[in-house]
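**Student:**
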Amino acid sequence: MTTSAPVTPSLESLTVGDIVAESSFPLTRDSLVRYAGASGDFNPIHYRDDVAHAVGLPGVLAHGMLTMGLAIQPVVDWVGDSARVLDYQVRFTRPVPVDPDLGAVVTVIAKVGALDADAGVARIDLTVTFNSVTVLGKAQARVSLV
Numbered sequence: 001m002t003t004s005a006p007v008t009p010s011l012e013s014l015t016v017g018d019i020v021a022e023s024s025f026p027l028t029r030d031s032l033v034r035y036a037g038a039s040g041d042f043n044p045i046h047y048r049d050d051v052a053h054a055v056g057l058p059g060v061l062a063h064g065m066l067t068m069g070l071a072i073q074p075v076v077d078w079v080g081d082s083a084r085v086l087d088y089q090v091r092f093t094r095p096v097p098v099d100p101d102l103g104a105v106v107t108v109i110a111k112v113g114a115l116d117a118d119a120g121v122a123r124i125d126l127t128v129t130f131n132s133v134t135v136l137g138k139a140q141a142r143v144s145l146v
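Each residue of the sequence shown is one higher than the one before, starting from 1 at the first, in UniProt numbering.
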């Protein structure tokens, strides 16, 4: 069995508006507990409904940084190497409630927002939604394609 290295997309093959990646990420309460263990963020709003409700939240929420991490993954998969991500920024606009039975699904669409041929860099704009509502605003990554 042979494996080949991922092929980096070429800047010349892209135009502004191209969708370069799409993914959906199912979340469960178990996902949140695992992320809490990995991140050290054991804020009880991420695993206890009673605490979440007591502070005025609709229920247990996904960690913002978990949502942010999931959102960049389709770009990393597309570009083939996380080191090609030069910059990544988001604005947290809405929480992602995670139902104890149904969980939640975060959907990501990555689209070319701008191209800088001189620098060999593409700006990828991310639309990140839960139940068709945007949860990360101004979500953008700059990726090197040289």
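Ideal placement from N, C-alpha and C gives every residue a C-beta, glycine not left out.
Contact between the segment 53-64 and the segment 107-123: three or more CB pairs below 8 Å?
**Tutor:** no
**Student:** Any idea if Pro-100 is buried or exposed, counting beta-carbon neighbours within 10 angstroms, 16 or more meaning buried?
**Tutor:** exposed
**Student:** Determine the direct distance from the alpha carbon of Gln-140 to that of Val-75, and round the result to whole angstroms.
**Tutor:** The straight-line gap separating the alpha-carbon atoms of Val-75 and Gln-140 is approximately 10 Å.
**Student:** Could you compute how far the alpha carbon of Leu-126 sits from the alpha carbon of Pro-44?
**Tutor:** 29 Å
**Student:** Taking 7 Å as the cut-off, decide whether the C-beta atoms of Val-143 and Ala-122 are in contact.
**Tutor:** yes
**Student:** Name the residue from Ile-124, Ala-119, Tyr-47 whose alpha carbon lies nearest to the alpha carbon of Gly-17.
**Tutor:** From the listed residues Ile-124, Ala-119, Tyr-47, the smallest Cα separation to Gly-17 is found for Ile-124.
**Student:** In angstroms, rounded to a whole number, what distance separates the CA positions of Val-55 and Gly-137?
**Tutor:** 24 Å
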